[in-house]
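Student:
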Amino acid sequence: SNHRSVTTITPHHLNESFIDEEEGRQLSDSLDDNDHLVLEPSSRYVRRARKNDRQEKREEKRKRKEENRKKRNNNKQNNNNRPQKAPQAPQGTCRFPESLYDAIDDDIANIKNGIRNDEDRAHWLGGIVRLAAHDFMDFDRRDGRNPMGADGCYDERSDNNAGLETIWCGTCPLKQLYDRKYSGISRADFWIAASNAVIRQTSVRGDMDLKDTFLWGRRDRDSCPRSGDRLPIPSDCDEVEDVFLKRMGLTWHDAVALLGAHTLGMGNAAFSGHDGTWVESNRAAQVFDKGYYEELFTNAWRPRRMGGRKQDWTTGFNGNGKNRVMLNTDMCLVFDIDEHIRDRVPCCSRTNTYYQNGLNQCIDREATRRRCPMYSGSNPRRQATDAVREMLGGSVSSNNQKPFYNAFARAWRKATTVGQDDLKPLC
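In this note's numbering, the protein residues as written are 270 to 696.
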């Protein structure tokens, strides 16, 4: 997607009017019939000299005011045209003050508000969070020599990172912002702070403020070959378990909370081979809420491209700019689909829902025959299903975002700091 370049907003120039404060004196001398001053010969020249002196002083004062006004306007114009610098901490204090964090938030909002198309804006917002996530999801605590993690680096050659080049590139607004204003901090810190800004701005009522959980001090690396191989591929829940639990040391509860970020953005067939939004529309894909979990439970999801390398799930009638997607790694949080995928036997998540014309919402006749099973109580992955239910905030129709927001904040803090030993809070 093409995004608009970052623009600089300058303050309005105010018209200034200057009033000469020194009023001319009224001469009290009498005037003759010809309006000439009637003065004694000895004082006439003194009066004229004083009058001329006052006029000269008034003129000099007016000229000084005009010169000062022009200087002030020139200084304002020069300051407005000069690229704004990010707030800097005084010498001897931390390099990442709250004012710097807030400035990043403001700049992200300015860029976001300049993107008018819903699809482009959803892609950009989701892409920033994906950039930070793909940076930290390559962490492997079992690799003592090269654990990786949040280090401001992603493998551009990996198919798992396809599409990130539209978010982080020489002409991309996010990288231009970093290069122009924030290159004094690490890319890793910037990506996470930018993601926090996106999450706060798109959350309901701005409730998801992660400032208090933010830590800085990550170190960048310029090369991270094969780091993309550590990212989860959307095949099954083994991938979720391997990446989040075994390598990163998180829990199923954490993994479910982090995957809730799929409520932002979309899949693009040109990049990942998976096309569509996880929620109902491009507009909804700009809101960070529990919609992802609601969609898992309420829709009739059927497999798409069954048996293919890019097999995923969809619901409803695609087309006319509307396309829906769930990945295997999403569906497996609730449904035990491993055997169906392996044996290429389609199933549908809800087989008992119908459109007004009587058509089953699974649409696909073969998928309609089998309802995708859920995990038994003894299956360890039931923890994931229970976590999804918890994120719903009591019910699908509930407006209670608190369980999701609280769980995400804890999981995001863990994921963005894993493997980091010397991070510091904002000052």
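Backbone N, C-alpha and C define an ideal beta-carbon position, used for all residues, glycine too.
Quick one: using the 10 Å Cβ neighbour count with 16 as the cut-off for buried, is K450 buried or exposed?
Tutor: It is buried - the Cβ of K450 has at least 16 other Cβ atoms within 10 Å.
Student: What does DSSP give as the partner residue(s) for R634 in the beta ladder?
Tutor: Answer is none; R634 lacks a bridge partner.
Student: Check whether the Cβ atoms of F405 and T685 sit closer than 8 Å, and answer yes or no.
Tutor: In contact: F405 and T685 (Cβ atoms closer than 8 Å).
Student: What did DSSP end up calling T620 once you bin it into helix, strand or coil?
Tutor: If DSSP states are grouped into helix, strand and coil, T620 belongs with coil.
Student: Does R273 pass the burial test, meaning 16 or more other C-beta atoms within 10 Å, or should it be called exposed?
Tutor: With a pLDDT of 38 at R273, under the threshold of 50, the predicted position of this residue should be treated as unreliable, and no value is reported.
Student: Taking 7 Å as the limit between beta carbons, can you name the residues of its chain near D691, skipping five residues before and five after?
Tutor: Same-chain partners within the cutoff: G486.
Student: Applying the 10 Å Cβ sphere with the 16-neighbour rule, what's the burial state of C438?
Tutor: Per the 10 Å Cβ criterion, exposed.
Student: Use the C-beta contact count for M517: other C-beta atoms within 10 angstroms, 16 or more gives buried, fewer gives exposed.
Tutor: M517 comes out buried.
Student: Of the residues L602, T622, P642 and T598, which one's Cα is nearest the Cα of P615?
Tutor: Minimum Cα distance to P615 is reached at P642.
Student: Kindly indicate the opening and closing residues of the alpha helix (DSSP H) around W393.
Tutor: Start and end: D387 to F405.
Student: Does DSSP put V315 in a helix, a strand or coil?
Tutor: At V315, the pLDDT of 40 sits below 50, so the modelled position is not reliable; the number obtained from the coordinates is stated separately. Helix at V315.
Student: From the DSSP output, read off the bridge partner residues of D581.
Tutor: Looking at the DSSP assignment, D581 forms a beta bridge with R573.
Student: Please state the DSSP three-state secondary structure of M600.
Tutor: Helix.
Student: Using only alpha-carbon positions, find the residue among F365, P416, A524 and R634 that is nearest to V687.
Tutor: With distances taken between Cα atoms, V687 lies closest to P416.
Student: Can you tell me the Cα-Cα spacing of G577 and F365, whole angstroms?
Tutor: Looking at the two C-alpha atoms, the distance is approximately 47 Å.
Student: Confirm, please, whether the CB-CB distance from G662 to K559 is below 8 Å.
Tutor: Yes, they are a contact pair.
Student: For L514, would you say it is in contact with chain D, using Cβ-to-Cβ distances shorter than 8 Å as the test?
Tutor: The structure shown has no chain D; it contains just one protein chain.
Student: Contact between the stretch 457-476 and the stretch 379-397 is defined here as three or more beta-carbon pairs at a separation below 8 Å; is this criterion met?
Tutor: Cβ pair count under 8 Å is three or more, so yes.
Student: List the residues that DSSP assigns as beta-bridge partners of L484.
Tutor: Paired residue(s): P694.
Student: Any idea what DSSP makes of R679, helix, strand or coil?
Tutor: DSSP places R679 in helix when its eight states are reduced to three.
Student: Using the Cα positions of A419 and W547, report the straight-line distance between them to the nearest angstrom.
Tutor: The straight-line gap from Cα to Cα measures roughly 26 Å.
Student: Output yes or no for whether 8 Å exceeds the beta carbon distance between G255 and V603.
Tutor: The structure shown does not extend to residue 255, since the chain is modelled only from 270 to 696, so the question has no answer here.
Student: Going by beta-carbon coordinates alone, are R682 and T520 separated by less than 8 Å?
Tutor: No. Outside cutoff.
Student: Return the first residue and the last residue of the alpha helix (DSSP H) that S368 is part of.
Tutor: Looking at the DSSP string, the run of the alpha helix (DSSP H) that includes S368 is E367 to N382.
Student: Evaluate contact between the stretch 632-647 and the stretch 440-448, counting only Cβ atoms and requiring at least three cross-stretch pairs below 8 Å.
Tutor: As far as the Cβ criterion goes, the stretch 632-647 does not touch the stretch 440-448, which means the pair count is below three.
Student: Just to confirm my understanding: we take P572, look at its own chain, exclude 5 residues before and 5 after, and list those with CB closer than 7 Å. What are they?
Tutor: Closer than 7 Å at Cβ, skipping near neighbours: Q580, W582, P615 and A636.
Student: Taking the CB atoms as reference points, tell me whether A463 and I384 lie closer together than 8 Å.
Tutor: Not in contact: A463 and I384 (Cβ atoms no closer than 8 Å).
Student: Mind checking whether S618 and A569 have CB atoms under 8 Å apart?
Tutor: A contact, by the Cβ cut-off of 8 Å.
Student: If we ignore side chains and look at the alpha-carbon of each, how far apart do G453 and T567 end up?
Tutor: Distance between the alpha carbons of G453 and T567 is about 46 Å.
Student: Using the rule of at least 16 other Cβ atoms within 10 Å of the residue's Cβ for burial, across every protein chain shown, is T277 buried or exposed?
Tutor: Interpretation of T277 is limited by its pLDDT of 37, a score under 50 that renders its predicted location unreliable; the figure taken from the coordinates is listed afterwards. The residue is exposed, with fewer than 16 neighbouring Cβ atoms inside 10 Å.
Student: Cβ of Y561 within 8 Å of Cβ of G529?
Tutor: Yes, they are a contact pair.
Student: If you draw a straight line from the C-alpha of G600 to the C-alpha of N429, how long is it?
Tutor: One point to set straight first is that residue 600 is Met, not Gly, in the sequence displayed. Each residue's alpha carbon lies about 19 Å from the other.
Student: One question on the structure: do A554 and L527 come within less than 8 Å of each other, judged by their Cβ atoms?
Tutor: It is not a contact, given that the beta carbons lie outside the stated cut-off.
Student: Helix, strand or coil for G542 per DSSP?
Tutor: Three-state DSSP puts G542 in coil, outside helix and strand.
Student: What is the DSSP secondary structure of R640, counted as helix, strand or coil?
Tutor: Residue state, collapsed to three classes: strand.
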